[in-house]
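Okay, so the sequence shown: first residue is 926 according to the numbering used here, each after it adds one.
Even glycine gets a Cβ: it sits at the ideal position worked out from N, Cα and C.
Working notes, beginning with the structure itself.
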Amino acid sequence: MTTTLLISDLHLHPGAPEVTEGFLDWLERRAHGVDALYILGDFFEAWIGDDLLDHADQDPTGNAALAIRVAGALRQLADKGTAIYLMHGNRDFLLGHRFAAAAGAKLVTDPAVLRFADQPVLLMHGDSLCTRDEAYMAFREQARNPAWQEQILSMPLADRLQLAAQLRQQSGEANSSKAEDIMDVTPTEVERVMRDHGVTTLIHGHTHRPAVHEMEVEEQPARRIVLGDWQPGKGWEVEIGADGDPVLREIAL
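Pasting the structure below:
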């Protein structure tokens, strides 16, 4: 029997050790023995470059030590036969092939179409669906620019750590003044993306609003499955078994 697990929005960082410990326990208890694990973005609260793995002694924030520990745990799972896939989120868009290699994982594009029981399923982080948030969409376009990323990665480590902290603070301040619907997905964009990819099932994260939304695409029954974010004591997963039917589930950590 084949089993695939999907998770997103763990936002791992040193200031939330309960989530890190819960995730590592989940890896051993729940993910052990599954065929594939997909992490659909915002795995880390922030990612300033894969060279962070070399500088644990220069990182007073503890992010480097956390990344090394998490990569090691994923590598153990991969070495036992589980295929691991990482998708970029809006917080960890600088996550690179070096971290993926250390974790025994592969990077996947956003969006990605997979087949389960011969049915296509679209996987996304979900931030690109929030088109009504024009300020964020402008930042997203900049942040995905290879030239901009190269410029950021050329900065000294200490400067990048400071920049990451500033961006998190600015994001929090900006989101506090935005209407709730602006930060949610745009229904017409969801329908367009699903139609363009020829799917009737979409799985994504980002909005922190876990739910299964029944809808129609091209007059066909469809569904949008939203993964929730992980918090102390609680997380969210989607399980897809041999029948290809995705099941959204709240999990205790």
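How would you write the range of the beta strand (DSSP E) that residue i sits in, first residue to last?
i	result
P1071	Not the beta strand (DSSP E): P1071 falls in the alpha helix (DSSP H), residues P1071 to L1078.
M1140	A1136 to V1142
Q1044	Q1044 to L1048
Under the three-state reduction of DSSP, which class applies to residue i: helix, strand or coil?
i	result
G997	helix
V1033	strand
L1011	strand
H1122	helix
V1110	coil
H1180	The requested residue 1180 does not occur in the structure, where the chain is confined to residues 926 to 1178.
F1041	strand
P942	helix
L1019	coil
G947	helix
Let me confirm a value: residue i is counted as buried when at least 16 other C-beta atoms fall within 10 Å, else exposed. Which label applies?
i	result
N1015	buried
G1123	exposed
D1168	exposed
E970	buried
R1040	exposed
H1022	exposed
E1162	buried
H1050	buried
T1034	exposed
T923	The shown model of the chain, from 926 to 1178, leaves out residue 923, and the question about it has no answer.
P1171	buried
D1043	exposed
On the DSSP bridge assignment, give the partners of residue i in chain order.
i	result
A1147	M1140
K1159	Q1156 and A1177
F969	L937
Y963	L931 and Y1010
H1129	V1151
V1172	E1164
Shorter than 6 Å, the distance from the beta carbon of residue i to the closest heavy atom of the ligand COA, or not?
i	result
L1086	Here there are no bound small molecules, and the ligand COA is not part of this structure.
Taking the alpha helix (DSSP H) that residue i falls in, what are its first and last residues?
i	result
H1022	H1022 to A1027
E1059	E1059 to A1068
Checklist entry - Hey, is the stretch 1009 to 1020 in contact with the stretch 979 to 990, meaning 3+ C-beta pairs nearer than 8 Å? => result The stretch 1009 to 1020 and the stretch 979 to 990 do not touch, with fewer than 3 CB-CB distances between them shorter than 8 Å.
Item to check | Sufficient close CB pairs (3 or more, under 8 Å) joining the stretch 1000 to 1008 to the stretch 1053 to 1072 | outcome: With a cut-off of 8 Å, the stretch 1053 to 1072 and the stretch 1000 to 1008 do not count as touching, because too few Cβ pairs lie within range.
Checklist entry - Quick check: the stretch 1020 to 1031 against the stretch 987 to 998, are there 3 or more CB pairs under 8 Å? => result Using a C-beta cut-off of 8 Å, the stretch 1020 to 1031 makes contact with the stretch 987 to 998, since at least three inter-stretch Cβ pairs fall below that distance.
Item to check | Validate contact between the stretch 1040 to 1054 and the stretch 1116 to 1132 using beta carbons, cut 8 Å, 3 pairs | outcome: With the cut-off at 8 Å, the stretch 1040 to 1054 and the stretch 1116 to 1132 touch.
Checklist entry - Counting Cβ pairs, one atom from each stretch, are 3 or more of them under 8 Å apart for the stretch 957 to 967 and the stretch 938 to 945? => result By the Cβ test, the stretch 957 to 967 is not in contact with the stretch 938 to 945, since fewer than three Cβ pairs between them sit closer than 8 Å.
Next on the checklist: For the structure I just gave you, are there three or more beta carbon pairs, one from the stretch 1109 to 1120 and one from the stretch 1139 to 1146, closer than 8 Å?
Outcome noted: Between the stretch 1109 to 1120 and the stretch 1139 to 1146 there are three or more inter-stretch CB-CB distances shorter than 8 Å, so the stretches are counted as touching.
Checklist entry - Counting Cβ pairs closer than 8 Å, one from the stretch 1150 to 1161 and one from the stretch 940 to 952, do we hit at least three? => result Enough Cβ pairs lie closer than 8 Å, so yes.
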